[in-house]
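According to this note's numbering, the sequence shown holds residues 10 to 139 in order.
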Amino acid sequence: MSEEFKIDIVNPEKSFLSKEDIIEAVVPAYEGEMGILKDHIPIISFLKPGIIKIKSKSGEDSYYVEDGIIEFKNNNLTVLTSSIFNLKNMEKNKIQELLKIAEEETNNIEISDQTKYLTEQKINVLRSIN
């Protein structure tokens, strides 16, 4: 019996990734890191800045995501995000650029508590992959 499910990651520019041999996905949901296996209960959740880890028969991949929504139902995981980068292809200067923008944003005294929290999450994740 197959233990695999399908994933589709979509950003505004294109379909970023579509694979059908996924064994496990770990996503940075607001509730915390969430592991998804085949036959997981249906779920819809928001993503916070973090790393999406995808384990498939062809190997493991990691992606940096800043925000988004996930939906899992009928063994299909859909990720809708405005910003996603494959960590294998992400250049150090891009990480530094995103980190600098996030650090500058936290210095803005007019940002909301929620925005400050998410920006601090982004800074922590970017520092960890840098």
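Where a beta carbon is used, it is the ideal one built from N, C-alpha and C, also for glycine.
Around the CB of Phe55, fewer than 16 other CB atoms lie within 10 Å, so the residue is classed as exposed. Nearest to Phe14 by alpha-carbon distance, out of Ile53, Glu40, Lys103, Asn83, is Asn83. The beta carbons of Ile138 and Ile104 sit closer together than 8 Å. One Cα belongs to Ser24, the other to Ile120, and the distance between them is close to 32 Å.
Secondary structure at Glu69: strand, using DSSP grouped into helix, strand and coil.
Contact check for Thr87 against Ile93 fails: the beta carbons are separated by 8 Å or more. About 5 Å separates the beta carbons of Pro58 and Gln130, which is inside the 8 Å limit, making them a contact pair. If you draw a 10 Å sphere on the C-beta of Tyr39, you find fewer than 16 other C-beta atoms in it, and that means exposed. Phe81 is a Cβ neighbour of Pro51, given a cutoff of 8 Å.
Around the Cβ of Glu69, a 10 Å sphere holds fewer than 16 other Cβ atoms; the residue is exposed. For the pair Val74 and Ile61, the CB atoms are nearer than the 8 Å cut-off.
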